[in-house]
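Just so you know, we're using the numbering used here here: the sequence shown kicks off at 54 and counts up by one.
A virtual CB, placed ideally from N, CA and C, is assigned to each residue, including glycine.
To start, the structure itself, in structure tokens.
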Amino acid sequence: RGARPATAEQALAARRAVVAVSLRCAGQACLQRSIAAALLCRSRGVWPTWCTGVRTSPFEAHAWIEAAGEPVGEPYPAGHYRPLLSVAPVAVQRS
């Protein structure tokens with residue numbers, strides 16, 4: 054089922070909670086951190102946009118969450134990585 058889009062505050066709170074309890078997620082493990090933060094948001098009834106992307110020169114891959122089109126808790130500005138895949142919230146259809 055769909056979930057409401059996460060606000061920047063909700064997404065940042067989830068990211069901070071994940072980083073606080075996991076040494077792996079607090080370090081360089083961006084994939085694990087972003088998935089854990091997204092799933093924590095989902096357990097709270099909201100969903101951020103989960104993204105993975107790359108940059109060249111030098112090549113780097115990265116995974117992160119976004120809210121309102123902006124990266125959450127990241128040191129890089131929007132557009133630093135070229136998104137390859139994103140999973141956005143799906144609107145809930147009520148009958």
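Practice problem: Hey, could you find the ends of the beta strand (DSSP E) Glu119 is sitting in? | Solution: Taken as a continuous stretch (DSSP letters only), the beta strand (DSSP E) holding Glu119 covers 113-120.
Quiz item: If we count the other Cβ atoms within 10 Å of its Cβ and call it buried at 16 or more, is Ala73 buried or exposed?
Solution: Ala73 should be labelled exposed.
Quiz item: Is the region 100-110 touching the region 55-75, taking contact as three or more C-beta pairs under 8 Å?
Solution: Contact holds between the region 100-110 and the region 55-75, because three or more Cβ pairs, one in each stretch, are under 8 Å apart.
Exercise. Determine which residues share a DSSP beta bridge with Ser75 and list them.
Key: Under DSSP, Ser75 shares a beta bridge with no residue.
Self-check item: Arg77 burial status per 10 Å Cβ neighbour count (16 or more: buried)
Solution: With fewer than 16 Cβ atoms within 10 Å of its Cβ, Arg77 is classed as exposed.
Quiz item: Which class does Ser96 belong to by DSSP, given the choice of helix, strand or coil?
Solution: DSSP places Ser96 in helix when its eight states are reduced to three.
Quiz item: Taking the alpha-carbon positions, what's the Ala120 to Ala64 distance?
Solution: Those two C-alpha atoms are separated by around 7 Å.
Quiz item: Got a sec? Which residues, its chain only, sit under 6 Å from Val140 by beta carbon, not counting five neighbours each side?
Solution: When the five nearest sequence neighbours on each side are left out, the beta carbons in the same chain lying within less than 6 Å of the beta carbon of Val140 are those of Trp103, in order along the chain.
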